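Heads up, the thing below is written out as structure tokens.
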Amino acid sequence: MNQEYYFKNAGWVGKIGCDFKDFFVVRGKFNISDVKSSKLFVLGLGFFKCYINGVCINPDTFLPLSSDFEATADPVDEVLTAHRIYVPEFDITPFIKNGENVIAIHFGGGWYCHHNRTFGLPKAIYRITAETENGVFDFVSDENCKIHKSYINDYCFVANEQQDFTLFEDFFDNAFDDSLWQNVDLVESVLSEYCQTNCPVDTLIQELPLKKIGVGEKGIVYDCLENTTGYPVIKVNAPKGEIIEVVFSEEIMPDGRIDMNHNQGQRFTIVSDGKERIVEPQFTWFGFRCFEIIGNAEPLCVKVIYADVKVNSEFECSNETLNWTYKTFVHTMLCNMHTGHPSDCPHLERRGYTGDGQLTCNAVFTTMDAKAFYEKWLQDIADGQDTLSGHIQYTAPYLHSGGGPGGWGSAIVEVPYQLYKHFGEKEVLSEYYGAMRRYIDYLEAHSEFGLVTSDKKGNWCLGDWCGPNVIYPEKDFTEHNQQMVIPAAYVNTYFMVKSLEKMCEIADVIGKPEDIEEYKEKINLRKNAIRAAYFNAFDDNFIMNVQGANVFGYDIGLGNKNTYNKIVSYYEKIGCFDTGIFATDILIRLLFENGNGELAVKLLTNDGAQGFEHWRRNGATTFHEYWDSNRSRSHSHPMFGAPVAYFFKYLLGIKQEEGSVSYKSLIIEPQCVIMFERMKGSIETPYGKVSVSYVNNAESTDFEITIPDGVNAVFKIKEESFELKNGVNKLSCSLK
67 MNQEYYFKNA
77 GWVGKIGCDF
87 KDFFVVRGKF
97 NISDVKSSKL
107 FVLGLGFFKC
117 YINGVCINPD
127 TFLPLSSDFE
137 ATADPVDEVL
147 TAHRIYVPEF
157 DITPFIKNGE
167 NVIAIHFGGG
177 WYCHHNRTFG
187 LPKAIYRITA
197 ETENGVFDFV
207 SDENCKIHKS
217 YINDYCFVAN
227 EQQDFTLFED
237 FFDNAFDDSL
247 WQNVDLVESV
257 LSEYCQTNCP
267 VDTLIQELPL
277 KKIGVGEKGI
287 VYDCLENTTG
297 YPVIKVNAPK
307 GEIIEVVFSE
317 EIMPDGRIDM
327 NHNQGQRFTI
337 VSDGKERIVE
347 PQFTWFGFRC
357 FEIIGNAEPL
367 CVKVIYADVK
377 VNSEFECSNE
387 TLNWTYKTFV
397 HTMLCNMHTG
407 HPSDCPHLER
417 RGYTGDGQLT
427 CNAVFTTMDA
437 KAFYEKWLQD
447 IADGQDTLSG
457 HIQYTAPYLH
467 SGGGPGGWGS
477 AIVEVPYQLY
487 KHFGEKEVLS
497 EYYGAMRRYI
507 DYLEAHSEFG
517 LVTSDKKGNW
527 CLGDWCGPNV
537 IYPEKDFTEH
547 NQQMVIPAAY
557 VNTYFMVKSL
567 EKMCEIADVI
577 GKPEDIEEYK
587 EKINLRKNAI
597 RAAYFNAFDD
607 NFIMNVQGAN
617 VFGYDIGLGN
627 KNTYNKIVSY
637 YEKIGCFDTG
647 IFATDILIRL
657 LFENGNGELA
667 VKLLTNDGAQ
677 GFEHWRRNGA
687 TTFHEYWDSN
697 RSRSHSHPMF
707 GAPVAYFFKY
717 LLGIKQEEGS
727 VSYKSLIIEP
737 QCVIMFERMK
747 GSIETPYGKV
757 SVSYVNNAES
767 TDFEITIPDG
777 VNAVFKIKEE
787 SFELKNGVNK
797 LSCSLK
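Start counting the sequence shown at 67; every next residue gets the next number (my numbering).
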């Protein structure tokens, strides 16, 4: 849709000559009586808060959702596929009164005015449509609106916000006199596709109490006992002109001070006007566990804010490391779901990295009701594709970042594929099939001798990411640099093969069988190139099996049985991970798939320096960016959590039968049962909840399995197989 569809003859309003850091309040007035219904379409770019007669109608949201709002000069030498703006719509009937009404929009900052990619200067537009007994009336933003600078006078979206209350008046109240304000300037329209979405928006999830730790460097330190996203609500009682600073961190020092190495530059500043006030940030959130307040102020609580995505899974067993890993992955993922895209971290960058997102989407769909959230993000991925070359950006929506053509670009295949497998809607495959083919063309154009050897000129060309350097069991892991040594071309060509294998399946599903032979030829060419370049027939290893190198080749059918045996023997020997984000996921899946689930569990629960237990034992409440917490910039990165999907598929055994989608046909086949005293868990499918639980007793293992109506299911254990009925099934087996 175009702008007129939602906004009719409304104009974009702002102030010519402003800066992208400027914040403004626009006020408009309208008279109406006896309203039967009224709705509002409104945009403030970047973020906005909208008030109707003094009541904020979107208090805890960061709107509009992130998108590629309009064309810019960045990325250089690329033409993005599409530009769109998501238009929020509100029912404002309860807020309308007879007579004069006031709409006030507080706007600025956000993704639109992000310093790394500024689309344009702050601006706003609105249209109110009201139905009365006498007809339907529209009220729109135009040159009669009034504008004034905000009391927010310093801002960086990912780091800080400053509110100067010496500049504050109650701009949003109906009684406020705006006669001395300037009239708005009509500014240039935003050329874009205007649309709507059912993607969950950021909202207040809960309020956390606080623990007062003690005196820090300059002020009082408070701990909310978990790493989270949102902000504290601050009660200010300070003399006029006093500056109160709130400084954030993800970690507390042993002596009770906040750890500035994990501050990420985050700061909230308040200039007091001498009045007692309850204050909170308006246009940013923070990622933190603790904070220090410097000045005459105290916190009342912490508001936890992220996208309203429901967790619809359960997992609990007799192993605390696995319990922690499941719970912490979910929490970390939620903390990274803001403004309509899954981010790498909730502070430093906040970008929707396609590598992190495609890697974890299977685990997300398994554990959360995230379908609408990822459908929106998938559109962002497609919108960022270069029309000329087929290049998929490293982040969606696009911001200049680093990544690689394989592990990042393959999101255009992996995300729709996982949406189809989990929810059964093949339309998503048809919609993005053309984009998948253009992506393969891009990889072809950046290949030499059958290997994907380069990416866009001047950009990074990563393979795997965030693994330790080459390690040996007798060495201290913390001695090694956090860098990958597996050749990027090896990993990127692996992802090209995996994408093509999925596209064979996709082509069959959507009625494009003529494309399959082409894909198979490309697959064979790439496999032969990988074998020739990286497989050592002398010892049956790929690249000496460093950092899990063998798992990439073996996962696409290369190497031989001895190659797999080398994987098993090596990880039995070192007993922990030495892998980056992609190899970690592939390694655990391969071990489960090939009957070595016990080793997979041992790796997942290992108490060495490279594993989840290391994080848990050291008090982490979110996943870290690196295995080595001391080297980690961010302590809220979900990407290592991809194997959580296998807790459900292999440990609980909730697997789809080959060819099944949306969990229509199930094989319940739990692995490693005798390793646990008990286990229980469930997932929500399009047909309803599937749950599996068991308890190991002295003589038998007692299972209880619930299968929803409309689902066919078989239970397999050892060499036995049982048909399961819809509803509750109770079985006992002797496994010892």
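No residue lacks a Cβ here, since even glycine has one placed at the ideal position from N, Cα and C.
Here the structure is a predicted model, which is why all the values come from computation and not from measurement.
Check whether the Cβ atoms of TYR716 and GLY663 lie closer than 8 Å to each other.
Yes; because the gap between Cβ atoms is below 8 Å, this pair is in contact.
6 Å Cβ shell around THR687 - same chain, five flanking residues per side excluded:
These residues qualify, in order along the chain: GLU292, ASN293.
According to DSSP, is SER766 helix, strand or coil?
It is coil, neither helix nor strand.
In chain order, what residues of the same chain have a beta carbon less than 7 Å from the beta carbon of LEU790, not counting five sequence neighbours either side?
Scanning its chain for C-beta atoms nearer than 7 Å, with the 5 sequence neighbours on each side dropped, one finds around LEU790 the residues ILE734, ILE771, ILE773, ALA779, VAL780, PHE781, in chain order.
Would you identify the three-state DSSP class for ASP289, choosing helix, strand or coil?
DSSP places ASP289 in strand when its eight states are reduced to three.
Taking all protein chains shown into account, decide if MET399 is buried (16 or more other Cβ within 10 angstroms of its Cβ) or exposed.
It is buried - the Cβ of MET399 has at least 16 other Cβ atoms within 10 Å.
Look at GLU316 and HIS701 and say whether their C-beta atoms are less than 8 Å apart.
Result yes, Cβ atoms of GLU316 and HIS701 sit closer than 8 Å.
Name the DSSP beta bridge partners of GLU744, please?
Reading off the sequence shown, one finds Arg at residue 744, where the question assumed Glu. In the DSSP output, where bridge partners are listed per residue, ARG744 has VAL761.
Quick one: using the 10 Å Cβ neighbour count with 16 as the cut-off for buried, is THR453 buried or exposed?
In the assembly as shown, THR453 is an exposed residue. Its beta-carbon has fewer than 16 other beta-carbons within 10 Å.
Are TYR297 and LYS369 touching if we call contact CB-CB under 8 Å?
Yes. Within cutoff.
Tell me the rounded alpha-carbon separation between GLU480 and PHE648.
Near 13 Å, if we compare the C-alpha coordinates of PHE648 and GLU480.
So for LYS791, helix, strand or coil by DSSP?
Secondary structure at LYS791: coil, using DSSP grouped into helix, strand and coil.
With distance defined between alpha-carbon atoms, name the residue in VAL612, GLY94, PHE128, ILE213 nearest to ASP88.
For the residues VAL612, GLY94, PHE128, ILE213, the minimum Cα distance to ASP88 belongs to ILE213.
Give me whichever residues DSSP pairs with MET610 in a beta bridge.
For MET610, no pairing in a beta bridge is given by DSSP.
For the candidate residues SER731, GLY475, PRO471, GLY456, whose alpha-carbon lies nearest to that of ARG504?
Looking at the Cα atoms, GLY456 is the closest of the given residues.
Just to confirm, is the Cβ distance from GLY625 to PHE608 under 8 Å?
Annotated as proximal: GLY625 and PHE608, with beta-carbon spacing under 8 Å.
What are the residues that DSSP puts in a beta bridge with GLY807?
This structure leaves residue 807 out entirely; the chain is present only between 67 and 802.
Alpha carbon to alpha carbon, how far is ASN389 from LEU797? Give it in angstroms, no decimals.
Whole-angstrom Cα-Cα distance: 24 Å.
Which same chain residues, not among the five before or five after GLU545, have their C-beta less than 8 Å away from its C-beta?
Confidence is the limiting factor: at GLU545 the pLDDT is only 36, short of 50, which leaves the residue's position unreliable, though a coordinate-based value still follows. Counting only Cβ-Cβ distances below 8 Å, and skipping sequence neighbours, we find nothing.
Contact the stretch 369-388 vs the stretch 663-672: 3+ CB pairs below 8 Å:
Contact between the stretch 369-388 and the stretch 663-672 is present, because at least three Cβ pairs lie under 8 Å.
How would you label ASP243, buried or exposed, when you count the other beta carbons within 10 angstroms and need 16 or more for buried?
Exposed, because fewer than 16 other Cβ atoms sit within 10 Å of the Cβ of ASP243.
Can you tell me which of the three DSSP states ASN823 falls into?
Residue 823 is absent from the structure shown; the chain starts at 67 and stops at 802.
Look at the Cβ atom of ASN249, then the Cβ atom of GLU209, and state whether they are nearer than 8 Å.
With contacts defined as CB atoms closer than 8 Å, ASN249 and GLU209 qualify as a contacting pair.
Please work out which residues of its chain come closer than 6 Å, Cβ to Cβ, to GLY533, disregarding the five sequence neighbours upstream and downstream, and give them in chain order.
Result list for GLY533: MET550, GLN613, THR645, GLY646, in chain order.
Please confirm whether ILE371 and ILE336 have their CB atoms less than 8 Å apart.
No, the pair does not count as a contact, with Cβ atoms beyond the cut-off.
Can you give me the Cβ contacts of LYS74 inside the same chain, cut-off strictly under 7 Å, excluding the 5 residues immediately before and after it?
The beta carbon of LYS74 is closer than 7 Å to those of ARG193, ASP204, VAL206 in its chain, skipping five residues each way along the sequence.
What do you get for LEU528, buried or exposed, if any count of 16 or more other CB atoms within 10 angstroms of its CB means buried?
Here LEU528 is buried, its C-beta having at least 16 other C-beta atoms within 10 Å.
From ASN684, PHE706, ARG682, pick the residue whose C-alpha is nearest to that of TYR692; which is it?
Closest option to TYR692, judged by alpha-carbon separation, among ASN684, PHE706, ARG682: PHE706.
Which full runs of the beta strand (DSSP E) of 3+ residues lie inside the stretch 124-193, going along the chain?
With a minimum length of 3 residues, the continuous beta strand (DSSP E) runs that stay inside the stretch 124-193 are 150-152, 155-157, 165-174.
Among ASP374, PHE658, GLN451, which one has its Cα closest to the Cα of PRO266?
Scanning ASP374, PHE658, GLN451 for the CA closest to the CA of PRO266 turns up ASP374.
Reference HIS404, options TYR392, ARG417, PHE395, closest by Cα
Nearest C-alpha to HIS404 among TYR392, ARG417, PHE395: ARG417.
State whether the stretch 195-202 contacts the stretch 423-434, with contact taken as three or more CB pairs (one from each stretch) at a distance under 8 Å.
Touching, no.
Grouping DSSP H, G and I as helix and E and B as strand, with all else coil, what is THR772?
Correct three-state label for THR772: strand.
Check each candidate in ASN240, GLY307, ASN226, GLN459 and name the one with the smallest Cα separation from PRO347.
Of the candidates ASN240, GLY307, ASN226, GLN459, the residue whose Cα lies closest to the Cα of PRO347 is ASN226.
Name the residue from LEU366, ASP251, ILE360, TRP526 whose alpha carbon lies nearest to the alpha carbon of PRO275.
Nearest Cα to PRO275 within the set LEU366, ASP251, ILE360, TRP526: LEU366.
Host beta strand (DSSP E) of ALA462 (start-end):
No beta strand (DSSP E) contains ALA462, which DSSP labels as neither H nor E.
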